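These protein sequences, in sequence, are chains F and L.
Take the first sequence: its position 73, counted from the start at 1, is 73 in this note's numbering, and no numbers get skipped.
Take the second sequence: its position 14, counted from the start at 1, is 114 in this note's numbering, and no numbers get skipped.
This report concerns only the one structure given below.
Protein chains: 2
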Amino acid sequence: MPYLARIYVTPKPGVNDPQGSAILGGLKSLGYGGVERVRAGKYLEVNLDGVSSAEEATERVREMCERLLANPVIEDFRFEVVKA
Amino acid sequence: MPYLARIYVTPKPGVNDPQGSAILGGLKSLGYGGVERVRAGKYLEVNLDGVSSAEEATERVREMCERLLANPVIEDFRFEVVKA
């Protein structure tokens, strides 16, 4: 059964986020003075097959996040799994 | 009124995605043979103030995406705006 996982990886609160800071600076220099904070993370779409249930897909994706897709020291992740 | 925008920037369909390809290769070498496709994009959280309505916040964020946050030649974007 094919599944699609949508994965969101974000810097943990308090962790330095140089990409977010650079974007904030860019927005301010374009005149967007009302922007107060930018946090930059990753958005991943992963298509997987060869699993027999949404539960198995969820377990597989959680493991991928912990092993490769997110750095648990500085990043949080969350995801949703849907039938593809 | 403070608002939070959650912004998703993704490579357009058909556009080469080297980061997604690298992640796919990494997952396969970790033994996840069932992974068929990975697309890598950006996830941004932008806090903004100084706007008077959700409509104004939405219009502002769309403009930011078009001017700075996404490259319209190779990327799509979507976002949602909520009260912060």
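Positions of the beta carbon are idealized from the N, C-alpha and C atoms, including for glycine.
Note that this is a predicted model, so its numbers are computed, not measured.
- Pairing Val-38/F with Leu-124/L gives a Cβ-Cβ distance that is not under 8 Å.
- If only uninterrupted alpha helix (DSSP H) runs of at least 4 residues are considered, those enclosed by the stretch 4-80 of chain F are 18-29, 54-64.
- For the pair Ala-84/F and Ser-53/F, the Cα-to-Cα distance works out to about 12 Å.
- At a cut-off of 8 Å between beta carbons, Arg-78/F makes no contact with chain L.
- Under the 8 Å criterion on CB atoms, Asp-117/L is classed as non-interfacial with respect to chain F.
- With its beta carbon at least 8 Å from every one in chain F, Asn-171/L lies outside the interface.
- When Cβ pairs closer than 8 Å are counted between the two stretches, the stretch 47-62 of chain F is seen not to touch the stretch 101-118 of chain L, the count staying below three.
- Listed in chain order, the positions of the stretch 30-49 of chain F with a beta carbon within less than 9 Å of a beta carbon of chain L are Leu-30, Tyr-32, Gly-33, Gly-34, Val-35, Glu-36, Arg-37, Val-38, Arg-39, Ala-40, Gly-41, Lys-42, Tyr-43, Leu-44, Glu-45, Val-46, Asn-47, Leu-48, Asp-49.
- In this structure, the beta-carbon distance from Met-164/L to Tyr-32/F falls below 8 Å.
- Straight through space, the alpha carbons of Thr-158/L and Glu-180/L are spaced by roughly 8 Å.
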